[in-house]
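Residue numbers (the working numbering), protein chains in the order written: chain A, 1 to 562; chain B, 563 to 975.
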């Protein structure tokens with residue numbers, strides 16, 4: 001039974017940062033990831049990372065932009081911490097070797113980004129997430145004696161001791177199917193968001209909400225689960241992301257009549273308004289018949305100087321060429337809003353602590369909440385790093401204080417029985433896993449997306465609950481132990497359905513429009529009744545609702561215009 | 563929508579059987595990817611078909627594989643293009659890519675037997691595909707130079723990642739970091755960002771011909787990673803790194819310039835270029851190339867510049883003892899090398915590889931008549947003496963745009 005003081009689940013930016021921070025405190029660390037760490041979805045963050053590091057910029061300005069972007073649902077104490085610690089974190093990354101873009105003086109250079117009142121986005125071409133994550137992985141290799149890596153190990157449930165404290169994780173070595181119960185004094189869930197619940201999505205196939213569902217099943221509270229970001233510029237059908245950096249570099253959005261329609265919706269910030277605002281504007285143009293026949297509007301990057309495009313938007317040149325057959329330096333590319341980011345997640349405090357002692361969470365899995373109703377571009381990398389670091393430190397401090405408590409073997413046996421049940425289902429006994437996933441994704445994208453209403457969400461919830469029943473008898477083809485991806489997909493489907501149910505329940509509950517939650521039947525923001533978080537806790541009859549206050553320090557809610 | 567037949571080289575380790583071919587019929591838009599095709603087969607027909615994949619957008623580097631014999635990413639190869647390529651290969655040679663592709667003998671000897679024993683295709687249960695006369699199947703195999711674990715999943719840890727760790731893949735700066743950022747040339751960051759663009763997919767390793775001959779070769783991916791540190795002005799161990807990589811017999815001089823890795827790389831990292839940069843830096847560091855590769859390269863360029871064609875009689879001496887037109891200034895090493903080359907030369911003569919013996923006499927080899935064209939090519943190359951780095955240069959035919967975007971370097975508060 002492997003044991004580590006601190007066990008990190010997920011090895012994207014939050015997980016790797018947490019592991020490194022915990023190791024710095026001198027405790028033993030294990031990091032588990034269902035894919036090789038460099039395959040993690042933090043790779044996909046293209047545009048950059050925000051920090052008020054330039055002379056003349058201030059953390060207060062960054063904090064205000066973030067809070068306004070969140071439609072005042074972000075907790076201001078958490079936002080303050082994130083924006084205050086941001087500059088130091090950028091410098092830390094630079095010292096580790098991240099190849100940040102330089103200005104002519106050889107100092108760190110910035111670019112403009114959506115919803116921000118200053119150019120404070122630090123970047124590496126348009127591979128910022130990848131560049132940072134690969135550098136953190138370099139550090140994991142460097143500190144391999146302090147940090148044990150379990151690459152391609154899948155986690156299926158958390159283990160609690162008799163006091164209800166988290167003390168371990170049930171895992172499966174994907175390579176050979178061996179099941180293990182890992183023990184730990186602190187467990188940090190950093191396994192990303194739940195984008196795969198929607199189809200299409202910009203998210204990778206691995207983003208199945210594992211951490212959110214595992215915490216929920218173990219009894220931790222979830223928060224803001226209705227807040228799902230639709231990114232304004234994704235390729236129709238395939239869901240590929242075109243970075244906000246394109247608009248940061250000056251690209252225009254045009255409808256089918258060639259009009260720069262953002263003039264109507266955000267006359268000051270235009271294309272660089274918050275993402276929820278831009279996505280709604282696009283969807284309105286499309287719904288009102290001013291889009292292209294394929295249900296899109298156009299992103300015109302040809303207005304950006306070509307050399308600059310090749311230098312700063314190279315990945316997008318490749319995406320356009322390889323996945324849409326469009327040379328973005330010569331013609332506009334068709335785009336539409338697409339599922340992108342989970343603002344909600346496992347409810348944590350500013351040190352990553354969940355409701356369950358010993359259980360931490362950071363990154364997209366967690367909801368601190370710094371993003372509230374809508375995340376600003378280039379704040380997600382920052383969130384992963386700041387709260388990854390803080391939870392790593394706090395988890396290490398806890399580990400130093402307490403002794404190991406041994407989890408009961410029962411949890412391992414339960415999991416083994418569950419897997420035996422899935423593997424033993426006869427072909428034709430139910431639906432295929434892939435069919436259920438497709439129906440789920442299309443349902444959620446159709447009914448719980450940019451514009452929502454009660455009837456649609458209710459319908460989606462009923463479908464999700466039917467799919468939960470069907471998933472219990474869904475069969476798989478692979479009955480082996482080595483790289484049984486079929487089995488893992490079946491377990492992930494369970495995670496996805498729990499995520500979907502929570503999102504539907506919370507979206508039904510919030511009877512107002514705020515951030516990413518736009519209810520056509522309640523089109524106004526209603527601070528009097530709804531300036532509060534919706535928390536969800538698991539019961540046998542589905543999620544139980546409660547509310548928690550939004551922390552306000554110095555920025556009172558105002559009308560939100562761009 | 564169009565129908566495609568994908569022919570997958572499968573291996574199910576728990577079956578007790580060797581590898582076999584299986585065909586799947588899939589139906590999708592030509593602009594979708596080979597990976598989309600595989601996932602359709604997996605979703606609809608056989609969930610046990612194993613393939614690593616995640617992002618579907620050529621960012622995560624999971625789905626390295628061979629498509630019609632060419633290493634690359636499944637998600638970045640459009641299935642329509644893969645079909646055209648398969649047809650072209652069949653048209654040109656009369657054999658399909660599967661017939662042409664050699665079994666990955668080194669790591670899966672049983673593969674050869676299975677393929678031989680079953681002819682080409684062993685139709686698995688549920689296979690409905692019949693290859694039509696006009697459309698050749700799209701052939702999909704696991705990556706090369708790595709052991710196969712299951713179907714398209716290879717063991718990258720024992721090969722690729724072990725080699726990556728070989729090059730001390732983390733920054734080794736001098737002393738304490740500065741209070742703010744390191745001040746460095748902007749170009750230096752752009753220069754190594756080309757290496758940072760590597761997503762560790764292993765396609766270059768899969769395609770590397772040197773590694774086929776020498777499995778211990780550090781290889782294109784790890785050496786590109788090494789350049790990321792050698793080229794980084796913040797790294798303080800540049801000389802140590804260069805000595806390490808040059809003195810390793812499986813190091814930077816083990817690359818044979820075959821360009822396979824450049825073709826295979828889905829991200830424009832051009833690993834071979836990074837290896838050449840390492841060699842150049844090693845030369846600048848005064849490290850002697852045991853193969854005289856650098857001198858050989860210069861001799862090659864110089865002879866063609868003078869004669870418009872390669873005078874092989876001069877090449878040997880020029881490579882070992884630079885000094886044009888037979889004016890030999892051989893040092894002791896050069897003489898040793900030239901004497902050492904005599905058996906090779908004799909073997910070449912015996913096997914008929916060295917013909918026109920009189921041309922072996924230095925200076926006899928005729929010049930090419932059209933010297934002006936040759937000179938023009940050299941001039942063009944001189945004028946375009948920028949490195950192949952899209953981050954600096956943009957692409958062929960771009961207009962010069964000296965100004966950065968307006969949004970750059972804004973520092974307002």
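We put the CB at the ideal spot given by N, CA and C, even for glycine.
Tell me the residue span of the alpha helix (DSSP H) that contains residue i.
{"i": "residue 66 (chain A)", "result": "59-69"}
{"i": "residue 159 (chain A)", "result": "Run containing residue 159 (chain A): none in the alpha helix (DSSP H); it sits in the beta strand (DSSP E), 153-160."}
{"i": "residue 419 (chain A)", "result": "410-424"}
{"i": "residue 858 (chain B)", "result": "855-869"}
{"i": "residue 287 (chain A)", "result": "275-287"}
{"i": "residue 768 (chain B)", "result": "765-769"}
{"i": "residue 137 (chain A)", "result": "128-142"}
{"i": "residue 16 (chain A)", "result": "13-24"}
{"i": "residue 536 (chain B)", "result": "The structure shown has nothing for residue 536 (chain B), since chain B only spans 563 to 975."}
Anyone know if the C-beta pair for residue i and residue j falls short of 9 Å?
{"i": "residue 824 (chain B)", "j": "residue 811 (chain B)", "result": "no"}
{"i": "residue 242 (chain A)", "j": "residue 333 (chain A)", "result": "yes"}
{"i": "residue 190 (chain A)", "j": "residue 41 (chain A)", "result": "no"}
{"i": "residue 613 (chain B)", "j": "residue 594 (chain B)", "result": "no"}
{"i": "residue 271 (chain A)", "j": "residue 30 (chain A)", "result": "no"}
{"i": "residue 363 (chain A)", "j": "residue 15 (chain A)", "result": "yes"}
{"i": "residue 261 (chain A)", "j": "residue 323 (chain A)", "result": "no"}
{"i": "residue 538 (chain A)", "j": "residue 167 (chain A)", "result": "no"}
{"i": "residue 35 (chain A)", "j": "residue 152 (chain A)", "result": "yes"}
{"i": "residue 809 (chain B)", "j": "residue 849 (chain B)", "result": "yes"}
{"i": "residue 570 (chain B)", "j": "residue 635 (chain B)", "result": "no"}
{"i": "residue 817 (chain B)", "j": "residue 862 (chain B)", "result": "no"}
{"i": "residue 231 (chain A)", "j": "residue 337 (chain A)", "result": "yes"}
{"i": "residue 210 (chain A)", "j": "residue 192 (chain A)", "result": "yes"}
Could you give the residue range of the beta strand (DSSP E) that holds residue i?
{"i": "residue 334 (chain A)", "result": "333-342"}
{"i": "residue 34 (chain A)", "result": "Note, residue 34 (chain A): premise wrong, no beta strand (DSSP E); not H, not E."}
{"i": "residue 184 (chain A)", "result": "179-189"}
{"i": "residue 628 (chain B)", "result": "626-629"}
{"i": "residue 586 (chain B)", "result": "582-590"}
{"i": "residue 300 (chain A)", "result": "297-300"}
{"i": "residue 254 (chain A)", "result": "252-254"}
Taking residue i as the query, report the chain B residues whose CB atoms sit under 7 Å from its CB, ordered along the chain.
{"i": "residue 106 (chain A)", "result": "745, 746, 747, 748"}
{"i": "residue 39 (chain A)", "result": "616, 622, 623, 624"}
{"i": "residue 429 (chain A)", "result": "In chain order: nothing, as chain B lies at least about 14 Å away."}
{"i": "residue 240 (chain A)", "result": "619"}
{"i": "residue 91 (chain A)", "result": "742, 743"}
So which residues of chain B does residue i contact, with C-beta pairs closer than 8 Å?
{"i": "residue 205 (chain A)", "result": "615, 616, 617, 618"}
{"i": "residue 331 (chain A)", "result": "The contacting residues do not exist; residue 331 (chain A) stays about 15 Å from chain B at best."}
Name, please, each residue of chain A whose Cβ falls closer than 9 Å to the Cβ of residue i.
{"i": "residue 758 (chain B)", "result": "98, 99, 124, 125, 127, 130, 131, 134, 135"}
Kindly list, in the order they appear in chain B, the residues whose Cβ is closer than 9 Å to that of residue i.
{"i": "residue 32 (chain A)", "result": "Near residue 32 (chain A) there are no residues of chain B at all, since even the closest Cβ is about 15 Å away, more than 9 Å."}
{"i": "residue 476 (chain A)", "result": "609, 610"}
{"i": "residue 94 (chain A)", "result": "739, 742, 743, 744, 796"}
{"i": "residue 325 (chain A)", "result": "593, 640"}
In its own chain, which residues sit with a C-beta less than 7 Å from the C-beta of residue i, not counting the 5 before and 5 after it?
{"i": "residue 647 (chain B)", "result": "630"}
{"i": "residue 269 (chain A)", "result": "562"}
{"i": "residue 736 (chain B)", "result": "798"}
{"i": "residue 68 (chain A)", "result": "560"}
Please list, in chain order, all residues of the same chain as residue i whose beta carbon is under 6 Å from its beta carbon, the five residues on each side excluded.
{"i": "residue 664 (chain B)", "result": "Since pLDDT at residue 664 (chain B) reaches only 49, below the 50 mark, its modelled position is unreliable, and no value is offered."}
{"i": "residue 398 (chain A)", "result": "186"}
{"i": "residue 564 (chain B)", "result": "592"}
{"i": "residue 188 (chain A)", "result": "8, 18, 360, 391, 395"}
{"i": "residue 794 (chain B)", "result": "754"}
{"i": "residue 902 (chain B)", "result": "none"}
Which chain A residues are close to residue i, counting only those with a beta carbon under 7 Å from its beta carbon?
{"i": "residue 731 (chain B)", "result": "138, 141"}
Which residues in chain C have a C-beta closer than 7 Å to the C-beta of residue i? List them in chain order.
{"i": "residue 71 (chain A)", "result": "The structure shown contains no chain C; the protein chains it does contain are A and B."}
Report the neighbours of residue i on chain A: residues whose CB is nearer than 8 Å to its CB, in chain order.
{"i": "residue 727 (chain B)", "result": "141"}
With a floor of 4 residues, list each alpha helix (DSSP H) that falls wholly inside the stretch 447-519 of chain A, ordered by position along the chain.
-> 454-471, 485-509
Quick one: which unbroken beta strand (DSSP E) runs of 3-plus residues sit fully inside the stretch 701-761 of chain B? Chain order, please.
-> 710-712
Along the chain, which unbroken stretches of the alpha helix (DSSP H) at least 4 residues long are found entirely within the stretch 787-868 of chain B?
-> 800-809, 822-826, 833-846
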